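The next block holds one structure in the form of structure tokens; read it before the comments.
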Amino acid sequence: MIKKIIPALFLFFVALGAGAQTLVSGTVTDAEDQLPLIGVTITVKGTTSGTATDLDGKYSIRVPDEKAVLVFSYTGYTEKEVPVAGKTEINVSLEPAISDLNEVVVVGYGVQKKSVVTGSISQVKSEQLKDMPVSRIEQSLQGRTSGVRVTANSGQPGSGAVVRIRGTTNLFGGSSSDPLYVVDGVIINGGIDYLSQGDIESIEVLKDAASAAIYGARGANGVIIITTKQGKKGKPVLNYNGYYGVQNPWRKLSLLNATEYAILMNEAQAAAGQPIMFEDPSALGEGTDWQDAVFQENAPIQNHEFSFSAANDVSNYYASFSYFDQEGIVASSDSRYKRFTARFNATHKLTDRLTFGSNLGYTRTNSRGVSENSEFGSPLSRAINIDPITPLYETREEVLNSNVFKNFPVVRDEKGVFGISDLVTSEIVNPVAALEVAQGNGWSDKIVGNFYLEYEILDGLKAKSSFGTDFAFWGGEGFTPIHYLNATNFAEKTSYSQNKANGRFLSWENTLNYTKTFGNHSIGAVAGYSVQKNTGESQTGIIQDIPVDNINDASLLWPNDPSLQSFFGWEYEDRVVSYFGRLNYNFKEKYLLTAIVRRDGSTKFGSNNKFGNFPSVSVGWIASEEPFFPNNNVVKFLKVRGSYGINGNDRIAADAFLATVSGGRTYTFGTDDLLVNGVAPDAADNPDLKWEETSQLNFGLDARLFRHISFTFDYFKKKTDGMLLRVGVPGLFGNGGPIANIADLENTGYEFELGYDNKIGDLEINFSGNLSYVENKVLFLTNETDFLVGQRFGPQGLEITRTTVGLPIGHFYGYKTDGIFQNQAEIDAYVNADGDKIQPNAAPGDFKFLDINGDGILSDDDRTNIGDPTPSYTYGFNFSAAWRGFDLNLFGQGVWGNEIYNVTRRFDLPFANYEASALGRWTGEGTSNDYPRLIVNDPNGNFNRSSDFHVQNGAFFRIKTLQIGYNLPADVLSKVGIQNARFYVSGNNLYTFTKYKGFDPEIGAGAGVDRGIYPQARFYLIGTNITF
211 MIKKIIPALF
221 LFFVALGAGA
231 QTLVSGTVTD
241 AEDQLPLIGV
251 TITVKGTTSG
261 TATDLDGKYS
271 IRVPDEKAVL
281 VFSYTGYTEK
291 EVPVAGKTEI
301 NVSLEPAISD
311 LNEVVVVGYG
321 VQKKSVVTGS
331 ISQVKSEQLK
341 DMPVSRIEQS
351 LQGRTSGVRV
361 TANSGQPGSG
371 AVVRIRGTTN
381 LFGGSSSDPL
391 YVVDGVIING
401 GIDYLSQGDI
411 ESIEVLKDAA
421 SAAIYGARGA
431 NGVIIITTKQ
441 GKKGKPVLNY
451 NGYYGVQNPW
461 RKLSLLNATE
471 YAILMNEAQA
481 AAGQPIMFED
491 PSALGEGTDW
501 QDAVFQENAP
511 IQNHEFSFSA
521 ANDVSNYYAS
531 FSYFDQEGIV
541 ASSDSRYKRF
551 TARFNATHKL
561 TDRLTFGSNL
571 GYTRTNSRGV
581 SENSEFGSPL
591 SRAINIDPIT
601 PLYETREEVL
611 NSNVFKNFPV
621 VRDEKGVFGI
631 SDLVTSEIVN
641 PVAALEVAQG
651 NGWSDKIVGN
661 FYLEYEILDG
671 LKAKSSFGTD
681 FAFWGGEGFT
691 PIHYLNATNF
701 AEKTSYSQNK
711 ANGRFLSWEN
721 TLNYTKTFGN
731 HSIGAVAGYS
741 VQKNTGESQT
751 GIIQDIPVDN
761 INDASLLWPN
771 DPSLQSFFGW
781 EYEDRVVSYF
791 GRLNYNFKEK
801 YLLTAIVRRD
811 GSTKFGSNNK
821 FGNFPSVSVG
831 WIASEEPFFP
841 NNNVVKFLKV
851 RGSYGINGND
861 RIAADAFLAT
871 VSGGRTYTFG
881 TDDLLVNGVA
891 PDAADNPDLK
901 WEETSQLNFG
911 LDARLFRHIS
921 FTFDYFKKKT
931 DGMLLRVGVP
941 GLFGNGGPIA
951 NIADLENTGY
961 EFELGYDNKI
971 GDLEINFSGN
981 LSYVENKVLF
991 LTNETDFLVG
1001 QRFGPQGLEI
1011 TRTTVGLPIG
1021 HFYGYKTDGI
1031 FQNQAEIDAY
1041 VNADGDKIQP
1051 NAAPGDFKFL
1061 DINGDGILSD
1071 DDRTNIGDPT
1081 PSYTYGFNFS
1091 AAWRGFDLNL
1101 FGQGVWGNEI
1111 YNVTRRFDLP
1121 FANYEASALG
1131 RWTGEGTSND
1141 YPRLIVNDPN
1151 GNFNRSSDFH
1161 VQNGAFFRIK
1171 TLQIGYNLPA
1181 DVLSKVGIQN
1191 ARFYVSGNNL
1201 YTFTKYKGFD
1211 PEIGAGAGVD
1221 RGIYPQARFY
1231 LIGTNITF
């Protein structure tokens, strides 16, 4: 009764005071379904007069005159202003609010509402990361957002990933091209593998220079800001999230079996006029499947996360523990990664205006790993190349009684003595025996903390002082026993090595943050000062010939001859001081402006360039807020934006500007010509050394269509000037010139992001997709040369990549082929202008190599660009649906527009095994135009030249995750004190669509060169999320 009386009295007094005011009435409905809205607030703008809609969505209100403006507001809907203009009936439809536009994103030293951001920033939320079985956080970003290319270095547990934001900004890649990672305000060195996925609240990727300029000299490669979780108001929450699963190889290569191998070896011998090697190939049978010997089926993986959070008006807390354990699919006892994490985040209001906060994380990792993507002794390279005739274990009496097995320390285990190949030598040994010999492990401890005090000086003005730490300690040990693997791979003495290192990063940052809205104007300003110190050191010891046979008994403390001991180390220190500021302004949240400037000074650079300035400006216009923008049901939100800025890259060694000398040189000295040790100049100094500078122009568009569809487009042009190279000088000046800012590079591209979300009855649907295009081109190297030699292959050092002006970084380099000579007539017809044969030593079945420069002679000068390892396009999509407790998630990602240089076969070893594709080799006219004849020593260089024969299409699409889950009913759970319980099954890396023939088309560490990559595993998981 009271609920009815109060509104009636309110309306009575409003009417009593209204006098001769005009009465306006009408109905308020939902713009989408036209249903009436109950309880909508209607006020006369600029007054306290107001009312609300009734059960039928109807209202009536008195207004002072026809110039009055009515304001309609309702939770979950966009506020609307309507001029009265003399009307007495005004019916209004309110648009459901677009919730994600009101969300905030972290922009570095602050947050901004998403709708008014003028830079190019992508956000990944915690919900998108959960239940993904990755050992390192950066891998979970793969395919999640445009402009970010994430390529796993390998499938080995604990292996990192190559992360590139809008292309590569450095000629030599590696960590110098990695983005800057900032976790809870602390700059992180050495990657973010220390984080647990369950601790992450959100990840922001700052892609354009305008957004990254707040980080100045470290922002050229883009910035990834990670915010960890805090407690939320409400009752305390205890959460468990865990999964267990098994992993298997998703692909194995098709290699020759023993019989096929013998047939092809005989053929190669006969083609060279040499006697055949095997009298009866069929008697050899299948032989040894070396891939089965090194791959592990059903390798386990598990993850367990516990968290506790609580919050009230004064304090909030978040604490977590996690344990991750993954065995590898290659030699699992030698390939394993374990990680333990602990975290405690808290804030506490000391007074109404003073707040103390802390974010503290600790991580311990233990790992064992095998050599990967190397032709010089990785398990997979050995499994591919060793002949299938050699047995895994030797059982033949005549062999076991031979000189090698009786008089040399051959390798054995509890099952027997490992076989030794007498066909394939060098580094290609029995891969399982080599794993038995290799003994080693690694460890790391990392502590990252941020502690701050924040004081509200005035309403809208806050001062904050933060102290950040990143302490890392890591090391490892390795032991090699006395052993004999083959005639070129053995050890007559034991060897033990141990390494310990640490890095210590300290930062102190002080900021003032001011926000104010007055009328239609809103401003936000940040001004700050930062000092940072980064130090580190390492010590390594090696000792030989100690009387032990395993790593557990080995130690550097064993007494022995000092000549069999060696100890060395390094240390570094650099410091940075910075001043920075940012100004945000908007008018009616319609016209937007952001300006940033940062000034950094660093000890890494020369005396003439200790400081650098990094400015940026960005603007935006929300066109959909304009009065002239048509009111429609298609375009609900439209923002255009543009930006320009300059960032720096300081990823070089400390004190690189100094002149250096190196030891290990010997000189004759004195009248007796004594040979003495000395030093010699390495490089001259360069007082002008400075940051690599990257300028970037960006144009973007953000739109919301039909309320349920979001769309983002960006175009960028990114130029890096003054990339660091060593200057070439005449030898009389020393070994090398100084490091200088010389080379220039450009990345150009565009990005699309598309999203859809809707609820239809009990069915919730979400879709997101992204596509990025990047073109990379070297503009200038040095005045002395227009190319740099890149990667090489094999002991002969075959050049297979180059960086050349006008082409992408690290393009593949070699000869182009034009099919296979089918007969002698074709060889005789391939002549130059003088009628001379271009390939006079070729025979039918050999490749026809193109005379690229047209000089009539086949030479090194005919080598050219034969492929690009960097994808032109990267893309990803995620689809999720939920219905009555059930949920489904499908996630996929891929790349195209790149090639892979496949050199998994050691073509310098004539008796290395072949892939089954060799069965389709040329054996006579018309039999093949793709795979050449086999012949010992390969006189035409069909295999041992770098050519497009080794280059394959590297495009792929991978189904990363397919997950099905079920949430138990809340009414059932509440009876046992559980808020939520979800169970799920998941398949990861289920299938890869690709034309590439190697183990895996995803090759990060090799920059597109496959030497026997450790492939990604296929996972099958069961898991649960339980909240108490």
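Counting along the sequence shown from 1, when you hit position 871 you're at 1081 in our numbering, and nothing is skipped either side.
Heads up, the beta-carbon is just placed ideally off N, CA and C, and yes, glycines get one too.
Predicted model only: the values in this text are computed from it and were never measured.
Collapsing the DSSP output to three states places P1142 in coil. According to the DSSP secondary-structure assignment, W684 is paired through a beta bridge with S654 and A711.
The C-beta separation of V250 from A262 comes to about 6 Å, placing the pair in contact by the 8 Å criterion. Beta-carbon to beta-carbon, D1028 and Y1111 are separated by about 19 Å, too far to satisfy the 8 Å threshold. Nearest to N476 by C-alpha distance, out of P1120, Q1189, E1212 and H1160, is P1120. Nearest in C-alpha terms to F909, of all of E961, F997, N576 and T690, is E961. With respect to F790, G426 sits close: the two C-beta atoms are nearer than 8 Å.
A Cβ-Cβ distance of about 16 Å is found for the pair I1037 and A481, leaving them out of contact under the 8 Å criterion.
Exclusion of the five residues before and after I435 leaves V316, V392 and E414 as the residues of its chain whose Cβ lies within less than 6 Å of its Cβ. Bounds of the beta strand (DSSP E) holding T1202 are N1190 to T1204.
If you compare the alpha carbons of Y454, S412, V372 and N449 with that of N431, the shortest gap goes to V372. In the structure shown, the three-state DSSP call for M475 is helix. Contact between the region 618-631 and the region 670-689 is not established, with fewer than three Cβ pairs separated by less than 8 Å. Secondary structure at H1160: helix, using DSSP grouped into helix, strand and coil. For Q457, the CB contacts under 7 Å within the same chain, skipping 5 residues up- and downstream, are A509, I511, I539, A1227, R1228 and F1229 in chain order. In this structure S817 is exposed. Its beta-carbon is surrounded by fewer than 16 other beta-carbon atoms within 10 angstroms. In this structure V984 is buried. Its beta-carbon is surrounded by 16 or more other beta-carbon atoms within 10 angstroms. Per DSSP, K340 lies in no alpha helix (DSSP H) and is assigned neither H nor E. Under DSSP, F661 takes part in a beta bridge, and its partners are S568 and F677. Across the set N760, K445, V314 and G267, the C-alpha of V314 shows the shortest separation from the C-alpha of I331.
I761 sits close to F689, with the two beta carbons spaced by under 8 Å. A residue is called buried once 16 or more other Cβ atoms fall within 10 Å of its Cβ, and Q501 is buried on that count. For I975, DSSP records a beta bridge to N968 and A1091.
Along the length of the region 235-316, whole beta strand (DSSP E) runs at least 3 residues long occupy 251-254, 260-262, 268-273, 279-283, 290-293, 302-304 and 314-316, reported in chain order. In the three-state reduction of the DSSP assignment, E1036 falls in the helix class.
The three-state secondary structure of A950, taken from DSSP, is strand.
Listed as beta-bridge partners of A913 by DSSP are L848 and F921. With contacts defined by Cβ atoms closer than 8 Å, T565 and T551 do not form a contacting pair. DSSP places W1106 in the uninterrupted beta strand (DSSP E) bounded by F1096 to W1106.
Annotation for S530: the continuous beta strand (DSSP E) segment containing it runs S525 to E537. The criterion of a C-beta distance shorter than 8 Å is not satisfied by N823 and F916. Annotation for G365: Y1224, P1225, Q1226 and A1227 place their beta carbon closer than 6 Å to its own, counting only its chain and skipping 5 residues before and after. Here G1095 is exposed. Its C-beta has fewer than 16 other C-beta atoms within 10 Å. In the structure shown, A430 falls within a coil segment according to DSSP collapsed to helix, strand and coil. Relative to the Cα of V358, the nearest Cα in the group S325, T1204 and D418 belongs to D418. In the displayed model, R592 falls within a helix according to three-state DSSP.
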